[in-house]
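Enquirer:
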Amino acid sequence: MLTRTAVRRSWRSPALAAAGGGALALAFPPAGLWPLAALGPALLVLAVSGRRPRAAFALGTLFGLTFFGPLLWWLSNLGLLPWIGLTVVQALFIGVHGVVIRALLRLRWWPVAVAASWVAIEALRGRFPLGGFPWGRLGFSQTDAPSLQWASVGGVPLLSLLAALTGSALAWTLLTGPRRRTALVAVLGTGLVWMGGGLLPAPPSSDRDLTIAVVQGNVPRGRTLAEQVRVRQVTQNHAEATLRLAEDVRAGRVPAPDLVVWPENSTDTDPRGNPVIAETIRSAVQAIDRPVLIGAIVRQDGRMFNVGQLWLPDRGAVAEYAKRQLVPFGEYVPGRSLFRWVQQLQYIPRDFSPGSGDGTLDAGGTRIGDVICYEVAYDGLVRSSVEAGAALLVVQTNNATYMLDGQRGETLQQLDMARVRAVEHNRPAVVASTTGISAVVRPDGSIAAMTEPWTQQVLVERVNLRTTTSVWLSPWVELFAVLLVVAGLGAAVVGRRLRRADEPAALR
Numbered sequence: 001m002l003t004r005t006a007v008r009r010s011w012r013s014p015a016l017a018a019a020g021g022g023a024l025a026l027a028f029p030p031a032g033l034w035p036l037a038a039l040g041p042a043l044l045v046l047a048v049s050g051r052r053p054r055a056a057f058a059l060g061t062l063f064g065l066t067f068f069g070p071l072l073w074w075l076s077n078l079g080l081l082p083w084i085g086l087t088v089v090q091a092l093f094i095g096v097h098g099v100v101i102r103a104l105l106r107l108r109w110w111p112v113a114v115a116a117s118w119v120a121i122e123a124l125r126g127r128f129p130l131g132g133f134p135w136g137r138l139g140f141s142q143t144d145a146p147s148l149q150w151a152s153v154g155g156v157p158l159l160s161l162l163a164a165l166t167g168s169a170l171a172w173t174l175l176t177g178p179r180r181r182t183a184l185v186a187v188l189g190t191g192l193v194w195m196g197g198g199l200l201p202a203p204p205s206s207d208r209d210l211t212i213a214v215v216q217g218n219v220p221r222g223r224t225l226a227e228q229v230r231v232r233q234v235t236q237n238h239a240e241a242t243l244r245l246a247e248d249v250r251a252g253r254v255p256a257p258d259l260v261v262w263p264e265n266s267t268d269t270d271p272r273g274n275p276v277i278a279e280t281i282r283s284a285v286q287a288i289d290r291p292v293l294i295g296a297i298v299r300q301d302g303r304m305f306n307v308g309q310l311w312l313p314d315r316g317a318v319a320e321y322a323k324r325q326l327v328p329f330g331e332y333v334p335g336r337s338l339f340r341w342v343q344q345l346q347y348i349p350r351d352f353s354p355g356s357g358d359g360t361l362d363a364g365g366t367r368i369g370d371v372i373c374y375e376v377a378y379d380g381l382v383r384s385s386v387e388a389g390a391a392l393l394v395v396q397t398n399n400a401t402y403m404l405d406g407q408r409g410e411t412l413q414q415l416d417m418a419r420v421r422a423v424e425h426n427r428p429a430v431v432a433s434t435t436g437i438s439a440v441v442r443p444d445g446s447i448a449a450m451t452e453p454w455t456q457q458v459l460v461e462r463v464n465l466r467t468t469t470s471v472w473l474s475p476w477v478e479l480f481a482v483l484l485v486v487a488g489l490g491a492a493v494v495g496r497r498l499r500r501a502d503e504p505a506a507l508r
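Each step along the sequence shown adds one to the number in the UniProt record's numbering, with nothing skipped, and position 328 is 328.
(1) In this structure, does DSSP put residue 231 in helix, strand or coil?
(2) Should residue 452 be labelled buried (16 or more other beta-carbon atoms within 10 Å of its own) or exposed?
(3) Could you tell me the distance, in whole angstroms, from the CA atom of residue 262 to the CA atom of residue 238?
(4) I'd like the ranges of any alpha helix (DSSP H) spanning at least 4 consecutive residues and lying wholly in the stretch 49-85.
(5) Does the beta-carbon of residue 233 have 16 or more other beta-carbons within 10 angstroms, so that it is buried, or is it exposed?
(6) Looking at the strands, I want to know which residues DSSP matches up with residue 295.
(7) Check each candidate in 30, 47, 259 and name the one with the smallest Cα separation from residue 143.
(8) Less than 7 Å between C-beta atoms, sequence neighbours within five positions excluded: which residues of the same chain meet that for residue 492?
(9) Keeping to the same chain, check which residues put their C-beta closer than 8 Å to that of residue 319; ignore five residues upstream and five downstream.
(10) Please identify the residue among 112, 249, 377, 67 whose C-alpha is closest to the C-alpha of residue 488.
(11) Out of 44, 10, 203, 210, which one is the CA nearest neighbour of residue 513?
(12) Who are the Cβ neighbours of residue 14 in its own chain at under 7 Å, not counting the five residues just before and after it?
(13) Helix or strand or just coil, what does DSSP make of residue 382?
(14) Under 8 Å by Cβ, that's how I've got residue 387 and residue 152 pegged, so tell me the actual separation to the nearest angstrom.
(15) Here's the rule I'm using: 16 or more other beta-carbon atoms within 10 Å means buried, otherwise exposed. How should residue 115 be labelled?
(16) Determine the direct distance from the alpha carbon of residue 399 to that of residue 231, and round the result to whole angstroms.
(17) In angstroms with no decimal places, state the Cα-to-Cα distance between residue 213 and residue 96.
(18) Mapping the DSSP letters down to three states, classify residue 328 as helix, strand or coil.
(19) Are the CB atoms of residue 351 and residue 333 nearer to each other than 9 Å?
(20) So, under 8 Å CB-CB, residue 465 and residue 438 are touching, yes? Tell me the CB distance rounded to an integer number of Å.
(21) Does residue 247 pass the burial test, meaning 16 or more other C-beta atoms within 10 Å, or should it be called exposed?
(22) Alpha carbon to alpha carbon, how far is residue 285 from residue 291? Give it in angstroms, no decimals.
(23) Check whether the stretch 155-165 and the stretch 122-141 touch, using three or more Cβ-Cβ pairs below 8 Å as the test.
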């Protein structure tokens, strides 16, 4: 018969795991309570401490469900199946993480090893399966924290490491007993480092500014997913907003932009095969008399690409970048024949093909790095554009599908990613969205201007272009974390075997 104490203990660990996942979800938008990025990992450590591997896996999975479920609720706009499926897959990674944490807790230096394991598991799920899903990394929750400036040193991996290390130190304080004073000092020290990003010296500015116009043309709100697929008004909306911008420039109400940016899918067809659409775009470009980066769907050699397409006055489309990292079940369907029964997939009748290149385009003498929607979550893709000389990061996105019921979670989470990228690479960033939220982000991650969702707006802002790069230690931070976890797991296994060898045979 279970005692009252045993019953309380049997419920304590699941409660800690569920609370930890929920707390971590609140660290991200729309709540944005960034200190909870340390509390969530701390509660997971407390939940799996002293539990068997199978229980640690179950507790980690529970943590993952209560984290990714709320974080990705916006995906339910596509139906419950995509939301549940992605939530479960990502939660299983945290289940494995629970087992890893449980093993690392045997080490004397487990707070460091456990913090590194957060970076390692984020690296794993950011690559597998199907190219990975790097959404919900601890570092992406830190845009309003003093720690944000650490991104200029070690990118998202370092931000994640510092948040997790603070959480590990907090858990250590609660688990150490007699050494609690030492652990408390460790918590304070780690917390000071975490918060110390604001003390880092600001990167130098340059003597070159650029005036950017971001056009948010909007689409009719409240349309079903099926109706959105049939909409052809989007191009006209963006063209009309650009024509009004040209009138405002001529009237002296706003400064003339050097570059105009439209969002992803601002025309959902190939302008080269549609004379009416092509003329609509050409008229807008001629009126503003500046380079305009649009979003288009291009068909070439029997394949379909999601592209950022650069138009110049009097020349038309002169260059394009095709999206490299496609969204599984959004832009292509892996194993399509296995999912014919999923009704929503009728809206993806053909698979897109991935592009190549480094994402850079030359817009009137300014090298821009085009990042299309989902790609902003991937460290390597953004880095490749900056390494190729991009002085400005442009994130073209279409969030209408995930905002049908008024949710802002997805678009705010994506905006936070762009803010981290701006700091990470010491570049201004522009987010252009069909329905919002569009924004202009300074190199320090602060927002110069942003739109309201479901409105037609044009932002005109002057940004300082940067040519110097940040430290770029992020790949090394990630590699260090993975090697540290592997070494820690090896040490834990060896230590367990040595302890078993020292036990009297009668006690085994």
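Glycine residues also receive a C-beta, built at the ideal position from the N, C-alpha and C atoms.
Please read these numbers as outputs of a predicted model, since none were measured by experiment.
Expert: Inspection of the coordinates gives the following:
(1) For residue 231, the predicted structure reports a pLDDT of 49, less than 50, and the residue's modelled location is therefore unreliable. A value from the coordinates is still provided. Coil, per DSSP.
(2) Looking at its Cβ environment, which holds fewer than 16 other Cβ atoms inside 10 Å, residue 452 is exposed.
(3) Using only the alpha carbons, I get a separation of about 7 Å.
(4) With a minimum length of 4 residues, the continuous alpha helix (DSSP H) runs that stay inside the stretch 49-85 are 53-71.
(5) Residue 233 comes out exposed.
(6) Its beta-bridge partners are 308.
(7) Ranking 30, 47, 259 by CA distance to the CA of residue 143 puts 30 first.
(8) Answer for residue 492: 103, 104, 106, 107, listed in chain order.
(9) Closer than 8 Å at the Cβ level, and outside the excluded window around residue 319, lie 309, 310, 361, 362.
(10) Closest by alpha carbon: 112.
(11) The chain is shown only over 1 to 508; residue 513 falls outside these bounds and no answer can be derived.
(12) Contacts found: 59, 62.
(13) Correct three-state label for residue 382: helix.
(14) Contact flag wrong, Cβ pair sits at about 16 Å.
(15) Counting the other CB atoms within 10 Å of its CB gives residue 115 a total of 16 or more, which places it among the buried residues.
(16) A caution first: residue 231 carries a pLDDT of 49, below 50, which makes its placement in the model unreliable, though a value can still be read off. If I take the Cα positions, the gap works out to 15 Å.
(17) Each residue's alpha carbon lies about 46 Å from the other.
(18) DSSP places residue 328 in strand when its eight states are reduced to three.
(19) For the pair residue 351 and residue 333, the CB atoms are nearer than the 9 Å cut-off.
(20) The pair is not a contact, with the Cβ atoms about 20 Å apart (cut-off 8 Å).
(21) Exposed, because fewer than 16 other Cβ atoms sit within 10 Å of the Cβ of residue 247.
(22) Put simply, the backbone Cα of residue 291 is about 7 Å away from that of residue 285.
(23) Touching, yes.
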